[in-house]
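Protein chains in written order, with this note's numbering: chain Y, 30 to 458; chain H, 30 to 458. Here's the structure, in structure tokens; my notes come after.
Protein chains: 2
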Amino acid sequence: MATPVRHLHQHDGETVTVRGWLANKRSSGKIAFLHVRDGSGTVQCVVSRAEVSDEAWEDVKRVTQESTVRVTGIARRDQRAPGGVEIHATDFKVKALSDDFPITKKEHGTAFLMEHRHLWLRSSRQRAALRVRSEVCQAIRDFFYEREFTLIDSPILTPTACEGTSTLFQTDYFGTPAYLSQSGQLYLEPAAAALGKVYCMGPTFRAEKSKTRRHLMEFWMVEPEVAFLELDGLIQLAEEFVCYLVCRVLERCRDELAVLERDVSRLEKITPRFPHVTYGEAIESLQGAGYDVRWGDDFGAEHETFLASQHDKPLFVSRFPAAIKAFYMQPDPQDEKLALGIDLLAPEGYGEIIGGSQRIHDYELLRRRIEEHQLPLEAFRWYLDIRRYGTFPHSGFGMGIERFVCWMCGLSHLRETIPYPRMLHKIYP
Amino acid sequence: MATPVRHLHQHDGETVTVRGWLANKRSSGKIAFLHVRDGSGTVQCVVSRAEVSDEAWEDVKRVTQESTVRVTGIARRDQRAPGGVEIHATDFKVKALSDDFPITKKEHGTAFLMEHRHLWLRSSRQRAALRVRSEVCQAIRDFFYEREFTLIDSPILTPTACEGTSTLFQTDYFGTPAYLSQSGQLYLEPAAAALGKVYCMGPTFRAEKSKTRRHLMEFWMVEPEVAFLELDGLIQLAEEFVCYLVCRVLERCRDELAVLERDVSRLEKITPRFPHVTYGEAIESLQGAGYDVRWGDDFGAEHETFLASQHDKPLFVSRFPAAIKAFYMQPDPQDEKLALGIDLLAPEGYGEIIGGSQRIHDYELLRRRIEEHQLPLEAFRWYLDIRRYGTFPHSGFGMGIERFVCWMCGLSHLRETIPYPRMLHKIYP
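Below you can see the structure in the form of structure tokens.
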């Protein structure tokens, strides 16, 4: 039985066997330092010519990067060793020799790495980012589970192109067109009437011909929806959620953040309460800084970056002009021109990570908005039904997983936050 | 602040407010019994004419099924009450009157209920099944998280129709065809080389023109993949996994199983070790029972049901003829005609819930199999790469969430195990 590298520190002084892949080799004639990676971690194995058999030493000489290997030896705690443990080998065996591995220590272009994504995954930074992603995803589910939300998996195949087909992937569903979902929200609202607090988390799709570091064609999104929750409660939920996730990453991903050279002091500042401005205040502050924006404009990436850069913490922006927001947002009772929507802008230029709103719960108002937006009323019949049978105020938000992970890891491009990124014209492997 | 119905038992003797929907009303002149559902549970509220205002009593008289209501009163523990608590109302208010709710206590046809899925969700059996689903999904993630697996979300949009396009949903990906994934396995194997123990859980798609109670066009699947795991270890992992999930459902979904009238004694029998037969033994036992099957045939639903009905526990069947199994399965070293694959058949006629195998790790053998199956070698180049760069024995399985939930709930049709089922020609809402 092999011992996971991650658990080696529990076996100080014992004979252990580790199975994995050769990450690196340094040798100076009579002694070799082999870095062996097993998926749970990487350990340095010290092999002395004098202490192993001839066969084992032959294997040390012939082993290549990424070969599958088995090492047996004594585990020794050592402060200087990466991971705090070393193995003093008594046996070493190459189980499968690797061909020349395409990804080496030299610099590779992004196109090359993306073409070899299935192998690039083995690099230490890629493994670290995907472990952070895995932790974030579990933390999201734990957050909602602890708060007694019911998971409602919303459908991917949907029958209507509610807001035009231009950014939708389309498929044939036994003779009728179907579209890949861009959000589960509409499907969550009926479920909130059944189960009170619900959420979905799954892949969403956007066939957008854009090639920026902030866009993927296929990305994962988490969306909670809560019955009887109004805007203030939504803001509180979003803040609690983000703080919970950041805490969890700081608590359980220290090693990964170190590999990624993330400045954790920036993340340690993410504590309640987050600053909050209205859209109107944001416009004024942008104008004050010389940006050419007018009331009624939507924010661009540069505007988001400027607004967020004023704070160490994420910034809530609320009460947008209804005209630039989705048709289902509840109007502000103080000013009907405004919508009770929120965006949460991450610091350090990571842009919008959360968008949410209180939803219109009045049947007539929602029907009118659907017509004003020239949307097909018939397609929204079931959605309107929720306002006919015991309507209720409710609110929810959506958060893109990759954007959040990108921020946590301090990465510059979303492509490293998902195992197999789907980008413009890029769908291999 | 409203109190969730689920927490009312903590407030015995206190004044509480509950917000929710009217599930049922019985009235006898001077006293009314109102069942109020808030998503977390249902509570009986007793309203006496003498103890509430005229306005409140008017609302009691006019309230309709599914109206949104607010009740204030004293919570009283009462063994006889459903949920163990009653509210003795001091105030009652209709917040939004419901139109005549389409789903009543009378029998409705399935087509009608499916057309009204967005409202059907509110029925007690539907809520119970979806809460079991939610618990199962969290339990799956907890199982793998506790065992230090890394979540690897596999892509939905994939570039190649590996095994023919007949059951694939196709879409246009910026000028090239793409297909909706039927399994994440191929994408997990490279990740297992990076991270050792990985799993994915997401929607999968099958454009199959079949209309049975066991098929959905869109369903969720969980798939673990483990480096250095061989067939025996895989069987142990699958058994441990199923026992963990059943335990969790029994422990945390008692109320839901009661609503569904599930015979829990059947589930309580699901403990290690599960019985295990080889494919050859299974064929003999089918033949002995008079079934017309020959060595080399695949099992039909009737065969699976017969085999499983011999046991109270799920039944492992292993070592199938390689010819009827996927190209990537490792041959049995004892008999090259056999594949190191397993199926796990649930009792009570629920059929196959898990299918898995040890994967071929030899490059040449896998290349030959791809050719023998007349699959496009170029499309599998990246998949073959995993056998070039430090190959390793590995195994994994897949489990369909809906089939598992169907078994847990004792349901007869998969359509009630997913919030918005996608079936042949059925994609609304």
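Glycine included, each C-beta is placed from N, C-alpha and C at the ideal position.
For Gln387(Y), no CB of chain H lies under 8 Å from its own CB, so it is not counted at the interface with that chain. Sequence-ordered contacts of the stretch 262–294 of chain H with chain Y are nonexistent [C-beta pairs closer than 7 Å]. Here Met358(H) is buried. Its C-beta has 16 or more other C-beta atoms within 10 Å. Fully enclosed alpha helix (DSSP H) runs of no fewer than 4 residues occupy 83–91 of the stretch 53–112 of chain Y, in order along the chain.
The Cβ of Ile116(Y) sits no closer than 8 Å to any Cβ of chain H. Taking a contact to require three or more Cβ pairs closer than 8 Å, the stretch 83–103 of chain H and the stretch 124–138 of chain H qualify as touching. Contact of Glu177(H) with chain Y by beta-carbon distance below 8 Å involves Pro33, Arg35 and Ser69. With its beta carbon less than 8 Å from one in chain H, Cys166(Y) belongs to the interface. In the three-state DSSP reduction, Val322(Y) falls in the coil class, being neither helix nor strand. Contact of Ser212(H) with chain Y by beta-carbon distance below 8 Å is absent, the smallest such distance being about 14 Å. Leu443(Y) is outside the set of residues whose beta carbon lies under 8 Å from a beta carbon in chain H.
Beyond the five residues adjoining it in sequence on each side, Tyr273(Y) comes within less than 8 Å, by CB distance, of Ala168 and Phe172 in the same chain, given in chain order. Straight-line spacing of the CA atoms in Asp391(Y) and Glu297(Y) works out to 42 Å. Counting along the chain, the unbroken alpha helix (DSSP H) around Ser163(Y) starts and ends at Ser153 to Glu175. Segment contact: the stretch 433–447 of chain Y against the stretch 230–240 of chain Y, fewer than three CB-CB distances shorter than 8 Å; contact not assigned. In terms of beta-carbon proximity, Lys226(Y) lines the interface with chain H, with at least one pair separated by less than 8 Å. Taking every protein chain shown into account, the CB of Ile353(H) has fewer than 16 other CB atoms within 10 angstroms, so this residue is exposed. Close to Ile447(H), with beta-carbon spacing below 9 Å, are these residues of chain Y in chain order: Asp182 and Pro184. Under the Cβ criterion of 8 Å, Arg170(Y) is counted among the residues facing chain H. For Lys59(H), same chain residues with a beta-carbon under 6 Å away, outside a window of 5 residues either side, are Arg78 in chain order.
Val278(Y): member of the alpha helix (DSSP H) spanning Leu260 to Arg281, first to last residue.
Counting C-beta pairs closer than 8 Å gives fewer than three between the stretch 99–107 of chain H and the stretch 379–389 of chain Y, which falls short of the contact rule.
Taking C-alpha positions only, Leu150(Y) is separated from Glu252(Y) by approximately 28 Å.
Inclusion of Thr101(H) and Asp120(H) in the CB contact set at 8 Å is warranted, their separation being smaller than that value. Contact annotation for His423(H) against chain Y: no contact, minimum CB-CB distance about 11 Å [criterion: below 9 Å]. Listed along the chain, the chain Y residues whose CB falls inside 9 Å of the CB of Ile456(H) are Pro184, Leu186, Thr187, Pro188, Tyr202, Phe203, Thr205 and Ala207.
Pro33(Y) sits away from Asp83(Y), with the two beta carbons spaced by 8 Å or more. A Cβ-Cβ separation of about 6 Å places Glu164(Y) in contact with Val278(Y) under the 8 Å criterion. Note that the C-beta distance between Tyr449(H) and Tyr202(Y) is not below 8 Å. For the stretch 369–398 of chain H, no residue has a beta-carbon sitting nearer than 7 Å to a beta-carbon of chain Y. An exposed status is given to Arg302(H), since fewer than 16 other beta-carbon atoms sit within 10 Å of its beta-carbon. The alpha helix (DSSP H) runs of length 4 or more contained entirely in the stretch 416–450 of chain H are, from start to end of the chain, 430–438. Counting C-beta atoms within 10 angstroms of its own C-beta, Glu218(H) has 16 or more neighbours from the protein chains shown and is therefore classed as buried. Counting along the chain, Pro206(H) sits inside no alpha helix (DSSP H); it lies in the beta strand (DSSP E) bounded by residues Thr205 to Leu209. Close CB contacts of Ile383(Y) within its chain, under the 6 Å cut and outside five residues either way in sequence, are with Ala267, Leu373, Phe426 and Met428 (chain order). Nearest CB-CB separation between Gly231(Y) and chain H: below the 8 Å threshold.
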